[in-house]
Amino acid sequence: LNKTEKSVLIVSRLDERQKKISKAIKLWEIVTRQNSIIDWRLDIVGTGPDYEFYNSMIKELNLPNVKLHGYQDPRPFYEKAAISIMTSDFEGFPMTLVESLQYGVVPIVFNTFSAITDIINNETNGYIIQKDDNSDFIEKLKLLMMNKDILSALANNALYSAKRFLPIAICEKWQSIITKLSNTK
Numbered sequence: 061l062n063k064t065e066k067s068v069l070i071v072s073r074l075d076e077r078q079k080k081i082s083k084a085i086k087l088w089e090i091v092t093r094q095n096s097i098i099d100w101r102l103d104i105v106g107t108g109p110d111y112e113f114y115n116s117m118i119k120e121l122n123l124p125n126v127k128l129h130g131y132q133d134p135r136p137f138y139e140k141a142a143i144s145i146m147t148s149d150f151e152g153f154p155m156t157l158v159e160s161l162q163y164g165v166v167p168i169v170f171n172t173f174s175a176i177t178d179i180i181n182n183e184t185n186g187y188i189i190q191k192d193d194n195s196d197f198i199e200k201l202k203l204l205m206m207n208k209d210i211l212s213a214l215a216n217n218a219l220y221s222a223k224r225f226l227p228i229a230i231c232e233k234w235q236s237i238i239t240k241l242s243n244t245k
């Protein structure tokens, strides 16, 4: 939990149709320009068909505190990051959110898919923002960036809540279901 770097993280396939990372870049620009938050950076890990589109966008907006890292092992990035963000239009069950929780990285995510409440408990281990409520997304991002106590509390809760996704916890749930089904015969 003692993050040494002020890093906001996106781990994703770079596919604008689904992931809408251009939205994250634009929100990042607003946060950093409005509030002179220059000691934080946005790290984007992944590759995909829209890598060059995002690279051009970052250059055009002149955002020196945003870096596309391409395809990498995300573990070192999770270990350093304090916050993760997701701006997807739709998802199934995104493992990047579970991974964020496992590393104590606090997620901020738009409410655009049903599995989100299975992963994030709003205002406890992250933030669920109503779809297209850019103002609230920006406010929550600024809150975490500027308030170490709130960030730390949510990070601790993230680590705790990630335990329910450990293999042993999943196996116990399956065993319980199988036992109940066996007893109903």
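Counting from 61, one number per residue, gives the positions in the sequence shown under my numbering.
C-beta atoms are modelled at their ideal positions from N, C-alpha and C, and glycine is treated no differently.
Taking DSSP's pairing of strands, which residues face residue 227 in a bridge? In the DSSP output, where bridge partners are listed per residue, residue 227 has none listed.
Rounded to whole angstroms, what is the Cα-Cα separation between residue 183 and residue 214? 8 Å
Ends of the beta strand (DSSP E) at residue 170? 166 to 171
Counting only C-beta atoms, is residue 206 closer than 8 Å to chain B at any point? Looking at the structure shown, chain B is missing, and only one protein chain is on hand.
Run through DSSP, which three-state label would residue 243 get? helix
Spatial distance of residue 203 from residue 210 (CA atoms): 8 Å
Can you round the beta-carbon distance between residue 71 and residue 101 to whole angstroms, since I take them to be within the 8 Å contact cut? Residue 71 to residue 101, Cβ: 15 Å. No contact.
On the criterion of 16 or more Cβ atoms from any shown chain inside 10 Å, does residue 234 qualify as buried, or is it exposed? exposed
What separation, rounded to the nearest whole angstrom, lies between the Cα atoms of residue 115 and residue 80? 14 Å
Measure how close the beta-carbons of residue 185 and residue 207 come, nearest whole angstrom, since I'm counting them as under 8 Å. That belief does not hold up - the Cβ atoms of residue 185 and residue 207 are roughly 16 Å apart, past 8 Å.
Is the CB-CB distance between residue 66 and residue 175 below 8 Å? no
With C-beta atoms as the reference, is residue 117 less than 8 Å away from residue 85? yes
Can you tell me whether residue 200 is buried or exposed? The criterion is at least 16 other CB atoms within 10 Å of its CB, across all chains shown. buried
Verify whether the separation of the beta carbon atoms of residue 110 and residue 149 is less than 8 Å. no
Exposure of residue 128, with buried meaning 16 or more beta-carbon neighbours within 10 Å: buried
Span of the beta strand (DSSP E), counted from its first residue to its last, around residue 103: 101 to 105
On the DSSP bridge list, what partners appear for residue 68? 102 and 143
Cutting at 7 Å between CB atoms, please list the residues of its own chain near residue 78, excluding the five before and the five after it. 148, 149 and 150
Taking the alpha-carbon positions, what's the residue 164 to residue 221 distance? 10 Å
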